[in-house]
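**Student:**
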DNA sequence: TCGAAGCCTCACATCAGTGTGAAGGTCAAG
DNA sequence: CTTGACCTTCACACTGATGTGAGGCTTCGA
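Chains as they are written, first to last, in the numbering used here: chain A, 1 to 123; chain B, 124 to 246.
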């Protein structure tokens, strides 16, 4: 599929699809005329990218974890050639994500508690 | 306390403390000589701000929720003058935060699953 | 064959968060 | 009284994510 259709189906402007490519988050092939050609799976991939970007991750972090995120089951990088160091890096990313979750959950709880304390009495 | 001490105690550069003030996240008083004067509580407040910023929230969103985040117990805005509309806005923020948490948790789980599938077999 | 629509690259603009430095005022300690 | 540490404002610069437009191809349908 070409960039226009991908844009329509994901709701992401073509400008950003090209940007994600520049950031090595997407790797479309090129047709003979130079047009980008995306596989069907790009729709889901763009969804992933948007979700993570909207959740405050940088393209750099997304680039680091994206290869290991392609859905349950088919492990994309062969388990064999995953050096221990890569596993450690990955664990680091997991930890950072967990920290964010903790911080957000903590503050969500505070807001919820505030709301609960106010609403019953509020007009 | 003045800006230098606050910076030292929080590890946040003075530049950013001034920026947060410009963004209406901090409201130090001014001494006679023009120096900013922060209350003791500013240390915790700056911690809050940093955590949320590091978790990917914008200063705009932080500004919106910060008043309701001052710890359990003393509800800062009097519950009486919290109009229903404010409660609705707040609920919207909570929902957005929850979406982020969900997305991050989902992807954390994927990474963890990948790691679990790879590590036992990995060298 | 012509025009419109879609694609290409390039480049400048914006916003948020931050770094850095200049030019100058305040104050305490030597 | 001077020096040095601390404070002030102002301003320019960078990065990351994104908007926008120019100039020029390709492709397709009337």
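Backbone N, C-alpha and C define an ideal beta-carbon position, used for all residues, glycine too. Quick caveat, the model's predicted, so the values are computed rather than measured.
Between which two residues does the alpha helix (DSSP H) containing residue 19 of chain A stretch?
**Tutor:** Where residue 19 of chain A is concerned, the enclosing alpha helix (DSSP H) stretches over 14-22.
**Student:** Can you pull out the residues from the stretch 50-65 of chain A whose beta carbon lies closer than 8 Å to at least one beta carbon of chain B?
**Tutor:** For the stretch 50-65 of chain A, which is checked against every Cβ of chain B, the residues closer than 8 Å are 51, 52, 54, 55, 56, 57 and 65.
**Student:** Along the chain, where does the alpha helix (DSSP H) that runs through residue 165 of chain B open and close?
**Tutor:** Unbroken alpha helix (DSSP H) run through residue 165 of chain B: 165-177.
**Student:** Compute the Euclidean distance between the alpha carbons of residue 152 of chain B and residue 129 of chain B, then round it to the nearest angstrom.
**Tutor:** One C-alpha to the other measures close to 14 Å.
**Student:** Can we say the stretch 173-182 of chain B touches the stretch 134-153 of chain B, given the rule of at least three CB pairs closer than 8 Å?
**Tutor:** Result yes; three or more Cβ-Cβ pairs closer than 8 Å.
**Student:** My output table needs one value for residue 125 of chain B: the three-state DSSP class, helix, strand or coil.
**Tutor:** It is coil, neither helix nor strand.
**Student:** Can you tell me the Cα-Cα spacing of residue 192 of chain B and residue 32 of chain A, whole angstroms?
**Tutor:** Approximately 57 Å, taken between the alpha carbons.
**Student:** Since residue 143 of chain B meets chain A, which of its residues come closer than 9 Å, beta carbon to beta carbon?
**Tutor:** Ordered by position in chain A, no residue passes the 9 Å Cβ test against residue 143 of chain B, which lies about 17 Å from the chain.
**Student:** In the DSSP assignment, the alpha helix (DSSP H) including residue 93 of chain A goes from what residue to what residue?
**Tutor:** Per DSSP, residue 93 of chain A belongs to the alpha helix (DSSP H) from 84-118.
**Student:** In angstroms with no decimal places, state the Cα-to-Cα distance between residue 109 of chain A and residue 46 of chain A.
**Tutor:** In a straight line, the C-alpha of residue 109 of chain A is about 31 Å away from that of residue 46 of chain A.
**Student:** Quick one: any contact between the stretch 90-97 of chain A and the stretch 180-189 of chain B, if contact means 3 or more CB pairs under 8 Å?
**Tutor:** They do not touch, by the three-pair rule.
**Student:** Does the distance from the CB of residue 88 of chain A to the CB of residue 241 of chain B come in under 8 Å?
**Tutor:** In this structure, residue 241 of chain B does not lie closer than 8 Å to residue 88 of chain A by Cβ.
**Student:** Below 7 Å on C-beta distance, what does residue 150 of chain B contact in chain A?
**Tutor:** Per Cβ cutoff of 7 Å: no residues; residue 150 of chain B is ~20 Å from chain A at best.
**Student:** CB-CB under 7 Å to residue 158 of chain B, same chain, minus the five flanking residues each way: which ones, in chain order?
**Tutor:** So the list reads 125, once near-sequence residues are dropped.
**Student:** Note down, in chain order, every chain A residue with its Cβ under 8 Å from the Cβ of residue 231 of chain B.
**Tutor:** What residue 231 of chain B touches in chain A: 94, 97, 98 and 101.
**Student:** Can you tell me which of A:90, A:114 and A:39 puts its alpha carbon nearest to the alpha carbon of residue 65 of chain A?
**Tutor:** Cα-wise, what sits closest to residue 65 of chain A is A:90.
**Student:** Do you know offhand how far residue 16 of chain A's Cα is from residue 222 of chain B's?
**Tutor:** Those two C-alpha atoms are separated by around 22 Å.
**Student:** Kindly indicate if chain B contains any beta-carbon less than 8 Å away from that of residue 129 of chain A.
**Tutor:** Not covered by the structure: residue 129 of chain A. The range shown for chain A is 1 to 123.
**Student:** By the criterion of Cβ-Cβ separation under 8 Å, what are the contact partners of residue 214 of chain B in chain A?
**Tutor:** Those within 8 Å of residue 214 of chain B in chain A are 115.
**Student:** Please check if any C-beta of chain B sits within less than 8 Å of the C-beta of residue 112 of chain A.
**Tutor:** Cβ-Cβ to chain B under 8 Å: yes for residue 112 of chain A.
**Student:** Return no unless some Cβ of chain A is closer than 8 Å to the Cβ of residue 129 of chain B.
**Tutor:** No - not a single Cβ of chain A is within 8 Å of the one on residue 129 of chain B.
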